[in-house]
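Asks:
Protein chains: 2
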Amino acid sequence: MQYSTFIPEQRTLMGPGPSDVSPRVLNALARSTLGHLDPSFIGLMDEIKALLQYAFKTQNALTMPVSAPGSAGMEACFANLVEPGDKVAVCVNGVFGKRMVENVVRCGGEAVVIEDDWGQQTDLDKVDAALSADPAIKILAFVHAETSTGVRNDAQALCQLAKKYKCLSLVDAVTSLGGIEVDVDGWGIDAIYSGSQKCLSCVPGLSPVSFSPKAVEVIQARTHPVQSWFLDMNLIVGYWGKGGKRAYHHTAPVNSLYALHESLLMLHEEGLENAWQRHADGHRQLAQGLSSLGLDMAVDEAFRLPQLNVVRIPDGVDDADVRGRLLNEFNLEIGAGLGEFAGNVWRIGLMGHACKARNIDHCVASLGKVIN
Amino acid sequence: MQYSTFIPEQRTLMGPGPSDVSPRVLNALARSTLGHLDPSFIGLMDEIKALLQYAFKTQNALTMPVSAPGSAGMEACFANLVEPGDKVAVCVNGVFGKRMVENVVRCGGEAVVIEDDWGQQTDLDKVDAALSADPAIKILAFVHAETSTGVRNDAQALCQLAKKYKCLSLVDAVTSLGGIEVDVDGWGIDAIYSGSQKCLSCVPGLSPVSFSPKAVEVIQARTHPVQSWFLDMNLIVGYWGKGGKRAYHHTAPVNSLYALHESLLMLHEEGLENAWQRHADGHRQLAQGLSSLGLDMAVDEAFRLPQLNVVRIPDGVDDADVRGRLLNEFNLEIGAGLGEFAGNVWRIGLMGHACKARNIDHCVASLGKVIN
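Chains as they are written, first to last, in the UniProt record's numbering: chain A, 1 to 372; chain B, 1 to 372.
(1) If the cut-off is 9 Å on Cβ atoms, which residues from the region 216 to 237 of chain B count as contacting chain A, listed in chain order?
(2) Answer yes or no: do B/Asn153 and B/Gln121 have a C-beta to C-beta separation smaller than 8 Å?
(3) What does B/Met1 touch in chain A if you count any residue whose Cβ is under 7 Å from its own?
(4) Do you know offhand how far A/Tyr258's Cα is from A/Arg31's?
(5) Run through DSSP, which three-state label would A/Lys166 get?
(6) For A/Phe303 and A/Leu62, which I take to be in contact (beta-carbon distance under 8 Å), what is that distance rounded to the nearest angstrom?
(7) When the Cα of B/Ala130 is compared with those of B/Val151, B/Gly150, B/Ile180, B/Ala162, which residue comes out closest?
(8) Along the chain, where does the alpha helix (DSSP H) that runs through A/Cys363 open and close?
(9) On a Cα-Cα basis, can you pick out the residue from A/Val25, A/Met1, A/Ile7 that is closest to A/Gln197?
(10) I need the straight-line Cα distance from A/His279 to B/Arg323, nearest angstrom please.
(11) Please report how far the alpha carbon of residue 381 of chain A lies from the alpha carbon of B/Leu206, in whole angstroms.
(12) Where does the unbroken alpha helix (DSSP H) through B/Gly349 begin, and where does it stop?
(13) Counting only the same chain and skipping the five closest in sequence on each side, list residues whose C-beta sits under 7 Å from that of A/Ile313.
(14) Give a yes or no on whether the minimum CB-CB distance between B/His362 and chain A is below 8 Å.
(15) Check this for me: beta carbons of A/Gly238 and A/Ala247, under 8 Å apart or not?
(16) Given a cut-off of 8 Å, decide if A/Cys159 and A/Ser169 are closer than it, judged by their beta-carbon atoms.
(17) Please classify B/Leu13: does DSSP put it in a helix, a strand, or coil?
(18) So which of A/Pro204, A/Thr58, A/Gly108, A/Val113 has the shortest CA-CA distance to A/Ser67?
(19) Considering only residues of the same chain and omitting the five flanking positions on each side of B/Val216, which have a CB-CB separation below 6 Å?
(20) Would a C-beta distance cut-off of 8 Å place B/Ala89 and B/Ile114 closer than the cut-off?
(21) Can you give the Cα-Cα distance for residue 382 of chain B and B/Glu269, rounded to whole angstroms?
(22) Between which two residues does the beta strand (DSSP E) holding A/Val299 run?
(23) Mind pulling the chain A residues with CB within less than 9 Å of B/Ser292?
(24) Does any C-beta atom of chain B lie closer than 8 Å to the C-beta of A/Thr63?
(25) Restricting to Cα atoms, I'd like to know which of A/Asp123, A/Leu308, A/Ala72, A/Met100 is closest to A/Leu177.
(26) Just mark B/His224 as buried or exposed, buried being the case when its beta carbon has 16 or more other beta carbons within 10 Å.
(27) For A/Gly186 and A/Gly70, which I take to be in contact (beta-carbon distance under 8 Å), what is that distance rounded to the nearest angstrom?
(28) Within 10 angstroms of the Cβ of B/Pro213, are there 16 or more other Cβ atoms? Answer buried if so, exposed if not.
(29) So for A/Asn89, helix, strand or coil by DSSP?
(30) Using a Cβ-Cβ distance under 8 Å, would A/Tyr258 count as near chain B?
(31) Please say whether B/Gln220 and A/Arg106 have beta carbons closer to each other than 8 Å?
(32) Do B/Asn93 and B/Val184 come within 8 Å of each other at the CB atom, strictly closer than that value?
(33) How about B/Asn359 and B/Met14: are their beta carbons less than 8 Å apart?
(34) For chain B, find out if any of its Cβ atoms is closer than 8 Å to the Cβ of A/Val101; answer yes or no.
(35) Measuring only the C-alpha atoms, how far is B/Gln285 from B/Met233?
(36) Start and end of the alpha helix (DSSP H) containing A/Pro65?
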């Protein structure tokens, strides 16, 4: 077999993530590698923590990136908070709610599943009823921005319900962080994870997490060790903890952390509120363009995610053919449907650096050429 | 707080890893991001698998990089192969053997610990006795290249013992792969993990793994689900599996995989045997230089790792002061001792791209200036 250096195509990434990465972030990624215990790297880690606190709107001391993709961030939250036999209520209205159930079960917990239809919001009344019916439920887990359906669940109201029933709240913010409001302290979120490759527009491979002081107490008071050594926050805090000496736990993904720092810096420069507004504006532009092509959005405007637009595939249009032509003729990636929605929808991402007028014009124009 | 773009110092990395990363690899890292299901990325994945098979000397179909650092690769091997109640013999003569024991216990297994002194090899007679004493032992786990002590354990002989007692062999090759011979098929290794940031000289954050057909059978025949969703090989194989359609499992760390591909390509261009020889030659040069400074190696020449040189700190020399001056005055990183060896030794890495005469000259000369 012959091998050679890989030169990727220059795509425009408007799928469900990874999103387009800014050249600033790619440049940061390629800077020379430091040791993971180098004092100057430790200064960078402190800045990453502070910038993540800004992005999450939190003062939580235990705020840091897990050294692996969002799915590992999800697992970090469940593995640290769930002990064998614990009851966890999980709101399921898409792929990622289902994945949460898998996590609960694999941690030896018992999942109380609260199901809603794909494309609909989690029904707050059902959640209230489920939590009120079983006082043993320890955690309420839900997905803020369901990447498989384009639905925004009402994170603030769900956290209020968790509080009402003295549950911890555990939130998937993989697709929401940086694209729509996430207010960890204001809403009282106890554990949250996100991903680097969505609205933060960093390369994939890191999962920012944050735990409230109450969640940290629960983790410290566990009677069973966390089943994952790699994701055990009691150990990781020795490396990412505030100030002083950093104890080696695992080798941090140094260059990816350079990139995360630069992408968070860009978010900080723009300002959170401006970033949310840019995503809202981009969504309006895209929705108008799609409407002009006769395409329908699959999700009600009231709870639609601006950064992930789920579009019905018109009858008679070949899903894979359209996506293939967009990729090959226009270097444009949009996403296929996932799970129940496979074959019925496209998912058009407007995430982070990708969410700009030029890309939206290009997407609408290209889609118009391909489907007409 | 004021934030700005982070420009790292240009260090020479001669610690226990990460090692110096070639500009070719950093350039690859910074190329434009593709979607993790893009057909052209899937072609790259196939090449990475083939190049890893070359590096590991194996035909194992289940050979791929775990999307997280070496510690997660370790956990992937244990979490997939150990079921609750399983007995696992673990050879411990350093930090990473101990970490294996942690993994066994957290997977619900029972660890049969075979201990040897730090700085010594695992005693084959003890292993034979332990395996012969308990036919219920399912797995023999050991560290090939103990990064905390600089000792090479006799992987080939240990695998023979595993075979003799019908155990699976599970091998830590984090520091060995690419630096000394590793022969997965020839030695009959059933599960092996490595790290990207040692002798492969890629950036940290990925862990190549490989499982023999027998190990795959064991994983497929499990009665309990793998406790980690993120590391469950039964699911991951749907994304990394051979040919055809790739099913989404988690978002692959696309840019880090560009870098791994380039670093494996460089290894392939050089040739495995030549890379081992380069490490052996570098070690000889370094050992002579250290000897001329009056410094002693802590490990017997017969089982010393060329890529990780553990050097006794002379009486009256301040460990932290020397490492600090090397870093600040010479931009040179060497490693501190770990665990039992903390404060007593330095660990000088000659790994991958870092293992070249220029670096060794610089290291010996700088160390000479600082300690004299």
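For each residue, glycine too, the CB sits at the ideal point set by N, CA and C.
Replies: According to the structure data:
(1) The region 216 to 237 of chain B vs chain A, Cβ under 9 Å: Pro225, Val226, Gln227, Ser228, Trp229, Phe230, Leu231, Asp232.
(2) Residue numbering aside, residue 153 of chain B sits at position 153 when the second sequence is read from its first letter. Residue numbering aside, residue 121 of chain B sits at position 121 when the second sequence is read from its first letter. Contact flag set, yes.
(3) Along the second sequence, read from residue 1 onward, the residue named residue 1 of chain B stands at position 1. What B/Met1 touches in chain A: Ala50.
(4) The residue you call residue 258 of chain A lines up with position 258 of the first sequence. The residue you call residue 31 of chain A lines up with position 31 of the first sequence. Their Cα atoms are separated by approximately 8 Å.
(5) If you number the first sequence from 1, residue 166 of chain A lands on position 166. Three-state DSSP puts A/Lys166 in coil, outside helix and strand.
(6) Indexing the first sequence from 1 puts residue 303 of chain A at position 303. Indexing the first sequence from 1 puts residue 62 of chain A at position 62. About 30 Å; that fails the 8 Å criterion.
(7) Taking the second sequence and counting its residues from 1, the one referred to as residue 130 of chain B is at position 130. Ranking the options by Cα distance to B/Ala130, first place goes to B/Ala162.
(8) Taking the first sequence and counting its residues from 1, one reaches residue 363 of chain A at position 363. Following the DSSP letters along the chain, one finds A/Cys363 inside the alpha helix (DSSP H) bounded by residues 357 to 371.
(9) Residue mapping note: residue 197 of chain A aligns to position 197 of the first sequence, counting from 1. The shortest C-alpha separation from A/Gln197 is found at A/Val25.
(10) Residue mapping note: residue 279 of chain A aligns to position 279 of the first sequence, counting from 1. Residue mapping note: residue 323 of chain B aligns to position 323 of the second sequence, counting from 1. Rounded to whole angstroms, the separation of the alpha carbons of B/Arg323 and A/His279 is 48 Å.
(11) Because chain A is modelled from 1 through 372, residue 381 of chain A falls outside the range shown and cannot be assessed.
(12) Translated into the one-based positions of the second sequence, residue 349 of chain B becomes position 349. Unbroken run through B/Gly349 is the beta strand (DSSP E), 345 to 349; no alpha helix (DSSP H).
(13) If you number the first sequence from 1, residue 313 of chain A lands on position 313. Once the five neighbours on either side are set aside, the close Cβ partners of A/Ile313 are Asp319, Asn344, Val345, Trp346.
(14) Taking the first residue of the second sequence as 1, we reach residue 362 of chain B at position 362. Residue-level contact by beta carbon fails for B/His362 and chain A, as no gap is shorter than 8 Å.
(15) Numbered from its first residue, the first sequence carries residue 238 of chain A at position 238. Numbered from its first residue, the first sequence carries residue 247 of chain A at position 247. Using a Cβ distance threshold of 8 Å, A/Gly238 and A/Ala247 count as a contacting pair.
(16) Within the first sequence, residue 169 of chain A is the residue found at index 169, counting from 1. Within the first sequence, residue 159 of chain A is the residue found at index 159, counting from 1. Against a cut-off of 8 Å, the Cβ pair of A/Cys159 and A/Ser169 comes out as a contact.
(17) To locate residue 13 of chain B, count along the second sequence from 1; it is residue 13. Of the three classes helix, strand and coil, the one that applies to B/Leu13 here is strand, per DSSP.
(18) Indexing the first sequence from 1 puts residue 67 of chain A at position 67. The option with the nearest alpha carbon to A/Ser67 is A/Pro204.
(19) On the second sequence, position 216 is the one that residue 216 of chain B refers to. Cβ neighbours of B/Val216 beyond the five flanking positions: Leu62.
(20) On the second sequence, position 89 is the one that residue 89 of chain B refers to. On the second sequence, position 114 is the one that residue 114 of chain B refers to. Yes. Within cutoff.
(21) Here chain B comprises residues numbered 1 to 372, so residue 382 of chain B is not present and cannot be evaluated.
(22) Translated into positions along the first sequence, residue 299 of chain A becomes position 299. Counting along the chain, A/Val299 falls outside any beta strand (DSSP E), and DSSP gives it neither H nor E.
(23) As a working mapping, residue 292 of chain B is identified with position 292 in the second sequence. Here the premise fails: no neighbours, minimum Cβ distance about 26 Å.
(24) Taking the first sequence and counting its residues from 1, the one referred to as residue 63 of chain A is at position 63. Under the 8 Å criterion on CB atoms, A/Thr63 is classed as non-interfacial with respect to chain B.
(25) For the purposes of this step, residue 177 of chain A is taken as the residue at position 177 of the first sequence. Of the candidates A/Asp123, A/Leu308, A/Ala72, A/Met100, the one whose C-alpha sits nearest the C-alpha of A/Leu177 is A/Leu308.
(26) In the second sequence, counting from the first residue as 1, residue 224 of chain B sits at position 224. Classification of B/His224: exposed, given that the 10 Å Cβ count is below 16.
(27) Along the first sequence, read from residue 1 onward, the residue named residue 186 of chain A stands at position 186. Along the first sequence, read from residue 1 onward, the residue named residue 70 of chain A stands at position 70. Not really, about 23 Å apart at Cβ, beyond 8 Å.
(28) On the second sequence, residue 213 of chain B is found 213 positions in, with the first residue counted as 1. When all chains shown are included, B/Pro213 counts as exposed.
(29) Along the first sequence, read from residue 1 onward, the residue named residue 89 of chain A stands at position 89. According to the sequence provided, residue 89 of chain A is Ala. The question's Asn does not apply to it. Three-state result, A/Ala89: strand.
(30) Taking the first residue of the first sequence as 1, we reach residue 258 of chain A at position 258. Closer than 8 Å: yes.
(31) Start at 1 with the first residue of the first sequence, and residue 106 of chain A comes out as number 106. Start at 1 with the first residue of the second sequence, and residue 220 of chain B comes out as number 220. At least 8 Å separates the beta-carbon of A/Arg106 from that of B/Gln220.
(32) Position 184 of the second sequence, counting from 1, holds the residue named residue 184 of chain B. Position 93 of the second sequence, counting from 1, holds the residue named residue 93 of chain B. The answer is no: Cβ separation not under 8 Å.
(33) By 1-based counting over the second sequence, the position of residue 359 of chain B is 359. By 1-based counting over the second sequence, the position of residue 14 of chain B is 14. A contact, by the Cβ cut-off of 8 Å.
(34) Numbered from 1 along the first sequence, position 101 holds the residue referred to as residue 101 of chain A. Chain B contact via Cβ: absent.
(35) Locating residue 285 of chain B in the second sequence gives position 285, where the first residue counts as 1. Locating residue 233 of chain B in the second sequence gives position 233, where the first residue counts as 1. The alpha-carbon atoms of B/Gln285 and B/Met233 are separated by roughly 42 Å.
(36) Residue numbering aside, residue 65 of chain A sits at position 65 when the first sequence is read from its first letter. Counting along the chain, no alpha helix (DSSP H) covers A/Pro65; the unbroken beta strand (DSSP E) around it starts and ends at 62 to 66.
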